[in-house]
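In this note's numbering, the protein residues as written are -11 to 556.
Below is one structure, written out as structure tokens, with a few remarks after it.
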Amino acid sequence: MSDSEVVADIGEVPVSEPYNPNTVLIFDTTLRDGEQSPGATLTPEEKLTIARQLSRLGVDIIEAGFPAASPGDLEAVRQIAATVGREGRLGKDGRLRPPPIIAGLARANREDIDKAWEAVQPALRPRIHTFIATSDIHIKHKLRMTRQEVLHRVREMVSYAKAYCEDVEFSPEDAGRSDPEFLVEVLATAIEAGATTLNIPDTVGYTLPHEFGELIQYLRENTPGADKVIWSVHCHNDLGLATANTLAGIMAGARQAEVTVNGIGERAGNTALEEVVMALWVRRSVFGLDTNIITQEIYRTSEMVSRYTGMVVQPNKAIVGANAFAHEAGIHQDGVLKHRRTYEIMDAETIGLPQSKLVLGKHSGRHAFRVKLEEMGYRLAPDELEEAFRRFKVLADKKKTVTDADLEALISDQLSQPPETWHIETVQVQCGNNAIPTAVVRLRNLKTGEVFTEAGFGTGPVDAMYQGINRIVKVPNRLVEFRLEAITEGLDAQADVTVRIEAEPPQGPEDVSSGARRRRIFTGRGLDTDIVVASAKAYIQALNRLLATRAAEESTIAVRSTVAGDGL
Ligand code: KIV
Ligand code: ZN
């Protein structure tokens, strides 16, 4: 997508924003806590594209990753810091804003903090976010430390981070289950050592809204130096209470909310950005608070994150689910037609949901196509537009009308292609009752130009086709998930296939808390009116993503060892 409207020359970019106590800062951790959800693995390019969209959305802080997890993670954070972290963007009022603060996560130890600083340093507004667990269960069983040792570590490591960076955030992990009196001691120590933001995580999503609100209030009232820092909340959704808890924390004085797009994250996920932002907006007479989020960018950001991570948004998901603004029941439709507010508490346009009446078909030309995309908020570069138009024509030949949903899928599919190693030339299957499902697959290796043809047999046509692909690509992997959906209704509907594969053996980066290797799952999505072709596209995309991630990591390691070999 063309970035001309958000990228400003560094000379003009303001480097800070005045603090407004009536603004809740939005700290987005989609690229760190969100990426920890199994299957949400993103390539460095995808992370960068998402970071750019988060900046356009107006988030105040982007937690771009956990640099100590792997050299690839460090490099991805560094790239974001050096680009998105230095580019101005337009605010809601149309004025130029400073780039988002770029944060890197670090456990409370020197090596992690060194790596976090190395990664975020290029940003105009860098932040180190360091954490250590404070609940007795974590201190005893995970850290095998005493409370006194934790206190000592907090003082030492916050000071260590502060020596690098003015902006230091500290989180007492599992604060929701920690002794509040001990928390006060820990947080006071962090303030003394230089922390500027104190983030209170409900790491396991255990607390209830009134408890969490009371905890924030208690900490703000009892921690010496509380008024010198910004209080932040970070809630997980294990009991489905993440948004409620976050809002309770805000009611109690928190002015930073840590969230992810679509609420993705480990287990049941994190607080959903769109839910908090829209609750503050729709119920602004209750909260009296604002955010810097450009709400019209919410839907597009949600689509992008869903497509890149392969984490499908459930249809009844608040704000961004497919049914969130749909009125099926006759009584509701009647009410909405008579007066919108009978059943709608916010307008679909507020979150940027496409509302166009312009329908495209196979006779639509370039101009109508471009106008339609602009209506939907897409401003593509000329070559991107040309490619999108070519894909649209192919689709329009197969489908009578191309709906907004078809176009959204087409564009985000085009923009989310990982670098291609393997390209599908031909897929042909034979199946039916009393037939042995057989597939012939022809693939081109774009790196070498070679073309390979193989046949496969399987339990069904998709299985046979995957066997054929495996014979050519030869990347050991396990198919973790295969999902097929129709984008629109009707027999000519496009099939939308999602597959998730796991590299064998697992090769993911270190887990933030346990230090164990994370499972690394790669997602691919394919669209086509033919379900076998859609399945082939999805599988090849997942394989290309796996190969691109592997290549990026290998080259980072190679560069690092060359630099180390130079004796620097
Ligand atoms: O959930 C959690 O405790 C975290 C911390 C690292 C902030 O993600
Ligand atoms: Zn978390």
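Backbone N, C-alpha and C fix where the C-beta goes; we use that ideal spot for every residue, glycine too.
Smallest Cα separation from residue i: which of the options?
i: ASP278; options: LEU341, ALA96, LEU13, PRO2; result: LEU13
i: THR389; options: GLN136, GLY79, ALA481; result: ALA481
i: LEU383; options: ARG459, SER273, ASP518, VAL487; result: ASP518
i: ARG432; options: GLU408, PRO449, PHE445, ASN422; result: GLU408
i: THR414; options: GLU442, LEU361, ARG66, THR17; result: GLU442
i: GLY340; options: LEU368, ARG288, ALA242; result: ARG288
i: LEU227; options: ARG208, GLU169, VAL300, GLY257; result: GLY257
i: ASN8; options: ARG513, GLY276, LEU62; result: GLY276
i: ARG272; options: THR537, ARG538, LEU171, THR11; result: THR11
i: MET145; options: LYS360, ALA96, TYR454; result: ALA96
i: THR248; options: ILE475, TYR527, ALA39; result: ALA39
i: ILE412; options: GLU99, LEU434, THR234; result: LEU434
i: ASP81; options: SER147, GLY46, GLU375, THR486; result: GLY46
i: GLY571; options: TYR527, LEU535, ILE424; result: There is simply no residue 571 to check, as the chain begins at -11 and stops at 556 in what is shown.
i: GLU492; options: GLN529, ARG538, THR17; result: ARG538
i: VAL270; options: GLU246, LEU235, ALA242; result: LEU235
i: GLU291; options: ARG83, ASN250, SER352, VAL221; result: ASN250
i: GLU75; options: ARG113, ARG459, ARG143; result: ARG113
i: ARG508; options: GLN24, ARG20, GLU0, ASP16; result: GLN24
i: ASP155; options: ILE218, THR211, ARG132, ALA70; result: ILE218
i: TYR296; options: LEU229, ASP401, ASP167, ALA474; result: ASP401
Taking all protein chains shown into account, decide if residue i is buried (16 or more other Cβ within 10 angstroms of its Cβ) or exposed.
i: LYS462; result: exposed
i: PHE158; result: buried
i: GLN244; result: buried
i: LEU479; result: exposed
i: PRO86; result: buried
i: GLU542; result: exposed
i: ASN187; result: buried
i: VAL274; result: exposed
i: ALA310; result: exposed
i: ALA240; result: buried
i: ASN233; result: buried
i: LYS386; result: exposed
i: ASP335; result: exposed
i: GLN455; result: buried
i: PRO449; result: buried
i: SER371; result: Correcting the residue identity first, residue 371 is Asp in this sequence and not Ser. Exposed.
i: ASP436; result: Reading off the sequence shown, one finds Thr at residue 436, where the question assumed Asp. When all chains shown are included, THR436 counts as exposed.
i: ASN532; result: buried
i: THR259; result: buried
i: VAL301; result: buried
i: ASN280; result: buried
If we ignore side chains and look at the alpha-carbon of each, how far apart do residue i and residue j end up?
i: ASP484; j: LEU515; result: 5 angstroms
i: ASP451; j: ILE179; result: 58 angstroms
i: LYS216; j: TYR152; result: 20 angstroms
i: ILE252; j: ILE489; result: 19 angstroms
i: VAL3; j: LEU261; result: 25 angstroms
i: PRO197; j: ALA522; result: 44 angstroms
i: VAL192; j: HIS224; result: 6 angstroms
i: VAL439; j: VAL72; result: 39 angstroms
i: LEU472; j: LYS525; result: 12 angstroms
i: GLN418; j: VAL487; result: 22 angstroms
i: GLN41; j: GLU34; result: 11 angstroms
i: GLU254; j: ALA356; result: 42 angstroms
i: GLU51; j: ASP102; result: 16 angstroms
i: ARG430; j: ILE424; result: 20 angstroms
i: LEU62; j: ILE307; result: 33 angstroms
i: THR31; j: ARG44; result: 20 angstroms
i: PRO6; j: ILE116; result: 20 angstroms
i: PRO406; j: LEU175; result: 43 angstroms
i: ALA57; j: ILE399; result: 32 angstroms
i: MET266; j: THR231; result: 11 angstroms
i: LEU373; j: GLN529; result: 21 angstroms
i: GLU246; j: GLN67; result: 22 angstroms
Does the beta-carbon distance from residue i to residue j come in below 9 angstroms?
i: GLY79; j: ILE282; result: yes
i: THR118; j: ALA104; result: yes
i: ALA121; j: PRO160; result: yes
i: GLY444; j: ILE457; result: yes
i: ILE90; j: ALA111; result: yes
i: LEU403; j: THR134; result: no
i: THR177; j: LEU139; result: yes
i: GLY164; j: GLY201; result: no
i: THR511; j: THR29; result: yes
i: PHE559; j: LEU395; result: As shown, the chain starts at -11 and ends at 556. That puts residue 559 outside it, with no answer to give.
i: VAL520; j: ALA393; result: no
i: ALA94; j: ALA149; result: yes
i: PHE54; j: GLY27; result: no
For residue i and chain D, any beta-carbon pair shorter than 9 angstroms?
i: ARG95; result: Absence of chain D from the displayed structure is noted, only one protein chain being present.
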